[in-house]
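Enquirer: Order-wise, the sequence lines are chains A and B. Using my numbering, the first residue of the first sequence is number 82, and each one after it goes up by one. Using my numbering, the first residue of the second sequence is number 82, and each one after it goes up by one.
Protein chains: 2
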Amino acid sequence: MQLSCINFIDMIRRKTKKVETLINLFEQKNEALSVVDLTNRLSTQMNKTTVYRILDRLEQSGVVHSFNDSNGLRWYAKCNGCSATKHTDTHPHFQCTDCGTIECLSMEIPVPSISNRQINSVEIMLKGTCERCIS
Amino acid sequence: MQLSCINFIDMIRRKTKKVETLINLFEQKNEALSVVDLTNRLSTQMNKTTVYRILDRLEQSGVVHSFNDSNGLRWYAKCNGCSATKHTDTHPHFQCTDCGTIECLSMEIPVPSISNRQINSVEIMLKGTCERCIS
DNA sequence: AAAATTAATGCAACTTAGTTGCATTTACAA
DNA sequence: TTGTAAATGCAACTAAGTTGCATTAATTTT
Chain A
82 MQLSCINFID MIRRKTKKVE TLINLFEQKN EALSVVDLTN RLSTQMNKTT VYRILDRLEQ
142 SGVVHSFNDS NGLRWYAKCN GCSATKHTDT HPHFQCTDCG TIECLSMEIP VPSISNRQIN
202 SVEIMLKGTC ERCIS
Chain B
82 MQLSCINFID MIRRKTKKVE TLINLFEQKN EALSVVDLTN RLSTQMNKTT VYRILDRLEQ
142 SGVVHSFNDS NGLRWYAKCN GCSATKHTDT HPHFQCTDCG TIECLSMEIP VPSISNRQIN
202 SVEIMLKGTC ERCIS
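1) Where residue 86(B) and residue 102(A) are concerned, what is the direct C-alpha to C-alpha distance, given to the nearest angstrom?
2) With distances taken between CB atoms, is the gap from residue 198(A) to residue 175(B) smaller than 9 Å?
3) If distances are taken between C-alpha atoms only, which option among 115(B), 210(B) and 216(B) comes closest to residue 153(A)?
4) For the alpha helix (DSSP H) that contains residue 105(B), what are its first and last residues?
5) How many whole angstroms separate the CB atoms of residue 158(B) and residue 145(B), which I take to be in contact at a CB cut-off of 8 Å?
6) Spell out whether any CB of chain A is found under 9 Å from the CB atom of residue 140(B).
7) Verify whether the separation of the beta carbon atoms of residue 208(A) and residue 203(B) is less than 9 Å.
8) Which residues bound the beta strand (DSSP E) around residue 199(A)?
9) Quick one: which chain A residues come within Cβ less than 9 Å of residue 117(B)?
10) Using beta-carbon positions only, say whether residue 183(A) and residue 192(B) come within less than 9 Å of one another.
11) Once the 5 residues before and after residue 93(B) are set aside, which same chain residues still bring their CB inside 8 Å of it?
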């Protein structure tokens, strides 16, 4: 288990088993997870309302961040170096239009500033074919 | 009326009044329009199913493109230089977190390629405070 | 111009992601 | 061990978006 996982658990208020279950899922891969997928996979272990609420708490704590894909579905992915007060990890995502998987990319994409407007966050979604589906 | 409006009408199969009504709304400003907003504003003139279907046809014809905001709502904005077969206008958008307005930006944001993956489209959403709300 | 054909529209019912209120249970501190 | 606050389950709800089917409107054909 990585160091970040320990931080995860420290950040949130109560270290319930269900919270740990969700955190472990995020630790497994560097992929985003859709809420629909999570509620399905966890349907025997917890109520869907609980899934929504734990994800919400994890986001408030800076453990994960959320975004919506082009189908309007909500996804969550773990943050790197964020906290409850400082959400700075705004990495781009890559969604494979074949299998639907969303990867988190570590690259930095510089965005020019715009006159008369204040930019607070940047959401970048690249779409195409992933490593597995390309071959 | 701009030239593009004439092209708009030529692209789709039938130039019904309702189609023209929608196209005119997109011509008025360089802003994206949410489907929710459109169905509300047009509720006395046409059924919401019709709004959805006209928008769908306009997108198929390359007249507009759609995307989802971070609340999962669908938005449409007019394309520049697209057709039914060639969708190349992938300009970034700017959403004001105060008033919710989404502007289309004409800037080009270069995105580096990624190894072992094929990128087909790029969706960029900048979020912050717009010209009107900043003052 | 009338008939035939095809596309567009309205309406109602439906699907599904996400939310809310409230009662109950669990975790932690005193 | 008891009290308190947070976490959970459940059921009902909201709202965006979709579907099937009957009807209407626009084009084409005769």
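Ideal Cβ positions, reconstructed from N, Cα and C, are used throughout, including at glycine.
Expert: Let me spell this out:
1) Reading the second sequence from its first residue, position 5 is the one you call residue 86(B). Reading the first sequence from its first residue, position 21 is the one you call residue 102(A). For residue 86(B), the predicted structure reports a pLDDT of 41, less than 50, and the residue's modelled location is therefore unreliable. A value from the coordinates is still provided. Going from the Cα of residue 86(B) to the Cα of residue 102(A) covers about 54 Å.
2) Reading the first sequence from its first residue, position 117 is the one you call residue 198(A). Reading the second sequence from its first residue, position 94 is the one you call residue 175(B). Against a cut-off of 9 Å, the Cβ pair of residue 175(B) and residue 198(A) comes out as a contact.
3) Counting from one through the first sequence, the residue named residue 153(A) turns up at place 72. The shortest C-alpha separation from residue 153(A) is found at 115(B).
4) Here residue 105(B) refers to the residue found at position 24 when the second sequence is read from its first residue. First-last of the alpha helix (DSSP H) with residue 105(B): 98-109.
5) Here residue 158(B) corresponds to residue number 77 of the second sequence, with the count starting at 1. Here residue 145(B) corresponds to residue number 64 of the second sequence, with the count starting at 1. With 8 Å as the limit, residue 158(B) and residue 145(B) qualify as a contact, their Cβ atoms being about 6 Å apart.
6) If you number the second sequence from 1, residue 140(B) lands on position 59. Answer no: the Cβ-Cβ gap between residue 140(B) and chain A never drops below 9 Å.
7) Position 127 of the first sequence, counted from the first residue, corresponds to residue 208(A). Position 122 of the second sequence, counted from the first residue, corresponds to residue 203(B). Contact: yes.
8) Stepping through the first sequence from its first residue, residue 199(A) is reached at position 118. Start and end: 199-210.
9) Position 36 of the second sequence holds residue 117(B). Within chain A, no residue comes near residue 117(B); the closest Cβ sits about 12 Å away, beyond 9 Å.
10) Counted from its first residue, the first sequence places residue 183(A) at position 102. Counted from its first residue, the second sequence places residue 192(B) at position 111. Not closer than 9 Å, so no.
11) In the second sequence, the residue the question calls residue 93(B) occupies position 12. Result list for residue 93(B): 100, 138, 139, 142 and 144, in chain order.
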